[in-house]
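So the structure is just underneath, and the comments pick up after that.
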Amino acid sequence: MAKEKEDLLQGTLDLLILRTLAIEPQHGWGIAQRIEQISRDVLSVTQGSLYPALYRLEEQGSIAAEWGLSENNRRAKFYRLTRAGKRQLERETESWERFAAAVARVLRTA
Amino acid sequence: MSTIRRSIAAVRGLFQRRRLEADLDEELRFHLAMEAEAQVSRGASREEAERRAKLKLGGLEPTKEAARSARGYRRLESLGQDVRFAFRLLRRNPGYAGAVVAALALGIGANTAIFSVVRGVLLRELPYQQPGRLVVLHQHKPLAPEEDQGFSVPDLEDLRRRNHSFSGFAEYHSMWFNLLGHAEPERVQTGVVSANFFSVLGTRAILGRTFSPDDDKPGAQPVLVFSYAYWQRSWGGDPAVLGKTLQMNDHPHRVIGVLPPVPQYPNDNDLWMPTSACPFRSTPQTIAARQGRGYNVFGRLRPGATLPQARQDLDTINHALLAEYPGDYPTGGYRIDAIPLLTELTARARPTLLLLLATVLLVLFIVCANVANLQLARLSSRGDELGLRTALGAGRGRLLRQLLTESVILALLGAALGVGVAAALLEGLVAFAARFTARTGDIALDGWVLAFTIAVAIGAGLLSGTLPALTASRAISDAMAAGGRGGTGGPGQAGSSRLRAILAGVQVAVSFLLLVSAGLTLRSIWKLQAVDAGFNAENVLALQIDLDWAHYKTKPQRRAFHHALLEKAHALPGVAAAAYSSNYPLDGLGRGTVGLHVEGRDVAGANLPQAGFRIASADVFKTLGIRIERGRGFADTDRDGAPPVAVLGHALASRLFGSEDPLGRRLRLSWDEKTDWRTVIGVIADVRDLALDQDPGGAIWVALDQYPALAGSLLLRSQRDPQDLTAVARTLVRDIDPRQPVGKVETLETARSAALAAPRLTTLLLSAFAALALAVTVIGLGGVVAFGVVRRTREIGIRMALGADRGAILAAVLREGLAAVGAGVVVGAVAALLLARVVARLLFGVPPTDPITYLVVALLLVAVAACACLVPARRATTVQPSLALRAL
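Top to bottom, those sequences are chains F and U.
Per our numbering, numbering through the first sequence is continuous, rising by one, with the last residue being 110.
Per our numbering, numbering through the second sequence is continuous, rising by one, with the last residue being 998.
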């Protein structure tokens, strides 16, 4: 029996966060929801690992945070992509695609 | 990310901690609220929704902890937390903390103290310019390879002219002169040096100047430079001494400078003068005599020249000189060597100091093992706290850091106290070191020593903390994984008690090593004290009276003084015997040797048998308590004009004549006239008068009246405390000649105990450290056994309930402790045998593998250890089965 949801590969969470924030600034819960929705619930974000990842990215300078108001008018911390983050996203997307293509090729031909 | 950015973030994080914590809290609350709403909108109840939200996040605290961890500031922040927590814990367990800190203070303090001596004597640069380029030259001849022949003035001239690797050679020797013009006539030790001596060393005067080449020209106005110690001692550090004119050797001498406090080597000189001012060194005969060796030479290596190059250079010159002047090297085969000045100055101190340093490091190691043991025991009672902290999300690494922080803090507290311990010991240690080296002026608790102390403390903290911390944190992780608490409390009990037994065994082994080295030196000093030195030191006073050569130039003048001196001395009340002799046993003066011609044997000068040379008046053997084995000692009739006589030491007599009768045989000193044969009238027992641990080489004694010496001591055997005679004896000398000073005054007992002081102090230190090691080990061992008893209370209770007798229980508990002791003794004995060579050179009359010492130490250790184990073991036999079982 196949598992309903796949655990995220180590390191891919960063990529997904960056991709999500490339659309628009978002708060932590929103990021988690967005990833699950877009992946059609295939990918589940263990929420415990979300915040450490966010803090790490913030400290790396890939994303920046500021307090704002959420859709339901609550104070929430919004993360946005920085220029360094955009460059990192491009780099990592490219290398991910190369990796995925390589894996796919192996699966087709082997 | 760059390290700098991370550090900045970490430090900023420390200051903004409160705000960041609040942010984190609010952010996670928002998340939980949103998640809960989403759950509610899917139809869950409010309560259920909140529960699911928390579950999905994976718990609030672990998330926070992980988030903090992602931030750089956590590392520093947690260090501060650990330190605060450690102090809180220690305040709560003052007994434990006090015991550990006290043990560490002793261990670290001993290290600090000994290291300060090692640094001051062995490591620190000498207070000269580029001291690494300074060397001392020695000249050896094949017959006496240990003895430095020194150099003659022509030797030195040739070295100066022919070498390619030295920028300068300085000449040095030391003399005793009488100094007049100060309060009392004063006997002063005077360094006689070439004008460039201080510039070769690179020492400048702190007052006035040192010698210039003009001062050393023949016929120049004699000048003096004061040593710092003498200037302070005899002149109160008065700067007005500059320019003063003092009378010495019948000439006025002008004081031109004062030296800084530099190590005094090879002699502790009061004054310095150029060679031209020395009445002996400046004679044309001395300057021309190639065989007139005996002057020391210091050299400074030319920039770029290495020591091996310099040695090669000296070798070449030496070979050339040997070929050119074969007649001036009577034995042939002379050798010149160059020794770095620091090596030369510290040669005697080095083995002792290094042994002491190794000893204190081992003592500290034992202390660390004990602290580790204590921590292991305490950790097992802290199992609950540590388990709780793990449950609350503390990682294993974090726990490890917390425990290590605790032990390092304990060690640093110990170090702070230890510096106090060292400061208290320092003065005694300086006096101790002064018996081995002139280099004690630089011993201090300086920055280097403090840095060493802190490094040792951190090392000790990590050493004593790592094992227990690793054991505990692994045990906790295991326990958590197993899903609950096992046993009666502590983590990893079985593992930790095995570890504690191993630690105790290691302590025993190291203690054995230290006890053996202390035991060997103890046996050695006992042998040394009991050695038959050949003389009786009781109730003898020695007053050094070196005649002023300026007033006693002729032999009749000297004889007149000797006769007056001895006549008055005999008449002193309480004097049983009196004599005047060139030397007395253990007077610390070096001793000349003489080559001997035996009548009827034709031996070339090169192969003449060598003997120590002494001059003495009648009654000298009675005064010193030296046994006459054959014939007779000197008598008043052995005066000038009577047939010359000699007395031989036992060893010399049998070396010269074997089993033949030496009495009546005739000998001639190598420097005597061809006709001056001296008849052997007696043989005395051998006297260890140079050093107690040196075999007497054998000496020839000649009669004072037939060889009127300029230098010597008045010896008085008293019927009471000989010190009572000091004042009257001084008056007596003043009555005969008011210009004649008296030098050193001491009893033979004092001389003898001074000769024993250095080995006795070394032994004392080694024994004290070994005793400390033993005490610490015994406490540790007792702790291990006690811990075992507590752990096995239930088992013991059950066994006793089943009818085991107390003896069996006692034996079972004792076995555990004594197994560690047995293993430790075996390992320690093997280690001691392997390291025997290290102590061998400090021992007298005891082989470093002395079986008696090993046996006694082993028995002592086992006995003391058995007592330490017996106390807790007896407690085991008093376990009440019912109570023990109820505790289940």
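The beta carbon of each residue, even a glycine, is placed where N, CA and C say it ideally should be.
Per the DSSP secondary-structure output, S691/U pairs in a beta bridge with A726/U, S823/U. Sequence-distant partners of A280/U (beyond 5 residues in either direction) whose C-beta falls short of 6 Å from its own C-beta, in its chain, are S304, N306, F307, V310, F408. Restricting attention to L969/U, R508/U, L623/U, A196/U, the CA atom closest to the CA of V948/U is found in L623/U.
Taking 8 Å as the CB threshold, A64/F stays off the interface with chain U. Checking the DSSP bridge columns, you'll see N288/U partnered with R297/U. Sequence-distant partners of E856/U (beyond 5 residues in either direction) whose C-beta falls short of 7 Å from its own C-beta, in its chain, are A652. CA-to-CA, the gap between T860/U and R270/U works out to about 44 Å. DSSP places W787/U outside both helix and strand once states are collapsed to three, so it counts as coil. By the criterion of a C-beta distance shorter than 7 Å, D324/U is surrounded in its chain by A330, once the five residues flanking it on both sides are discounted. Pairing R849/U with V843/U, the inter-Cα distance amounts to about 9 Å. Restricted to the segment 920-994 of chain U, the alpha helix (DSSP H) segments that are unbroken, complete and at least 4 residues in length are 946-950, 961-987, listed in chain order. For the segment 9-34 of chain F, the beta-carbon criterion of a distance under 9 Å to any beta-carbon of chain U is satisfied by H27, G28, W29, G30, A32, Q33. Between the segment 429-440 of chain U and the segment 194-204 of chain U, the count of Cβ pairs shorter than 8 Å is below three; the stretches do not touch. Between L675/U and I846/U a beta carbon distance of about 6 Å is seen, short of the 8 Å cut, so the two are scored as contacting. Pairing L21/F with L81/F, the inter-Cα distance amounts to about 6 Å. For A728/U, the CB contacts under 6 Å within the same chain, skipping 5 residues up- and downstream, are F744, A745, D746 in chain order.
In terms of Cβ geometry, G347/U and Q239/U do not form a close pair [threshold 8 Å].
Neighbours of A76/F in chain U, taken as residues whose beta carbon is under 8 Å from its own, are E137, F140 in chain order.
The closest CA to that of L876/U, considering only A526/U, A628/U, S392/U, is found on A628/U. Taking a cut-off of 8 Å for Cβ pairs, the segment 903-919 of chain U and the segment 652-664 of chain U do not touch, as fewer than three such pairs fall below it. Listed by position along chain U, the residues whose Cβ is nearer than 8 Å to that of G48/F are L167, G168, G169, P172, T173, A176. Here W811/U carries a strand assignment [DSSP, helix/strand/coil]. Rounded to the nearest angstrom, the gap between the Cα atoms of D133/U and G219/U is 48 Å.
Here DSSP, grouped into helix, strand and coil, assigns I736/U to coil.
Under the DSSP assignment, E36/F falls in the alpha helix (DSSP H) whose first and last residues are 28-38. 8 Å or more divides the Cβ of A942/U from the Cβ of G615/U.
In the displayed model, L891/U falls within a helix according to three-state DSSP. For Y51/F, the neighbours in chain U by C-beta distance under 9 Å run, in chain order, L134, E137, L138, H141, L167, T173, K174, A176, A177, A180. Measuring C-alpha to C-alpha distances from H760/U to each of E770/U, L824/U, Q342/U, H680/U identifies E770/U as the nearest.
Take the alpha-carbon of E454/U and the one of K637/U: they are about 29 Å apart.
With fewer than 16 other CB atoms across the displayed protein chains lying within 10 angstroms of its CB, I316/U is exposed. For V263/U, the uninterrupted alpha helix (DSSP H) run begins and ends at 263-272, by DSSP. A contact between stretches requires three or more CB pairs, one per stretch, nearer than 8 Å, and the segment 549-561 of chain U meets this requirement with the segment 230-248 of chain U. Under the Cβ distance rule, Y79/F does not count among the residues neighbouring chain U, no pair being separated by less than 8 Å.
In this chain, the beta strand (DSSP E) harbouring Y79/F covers 75-81.
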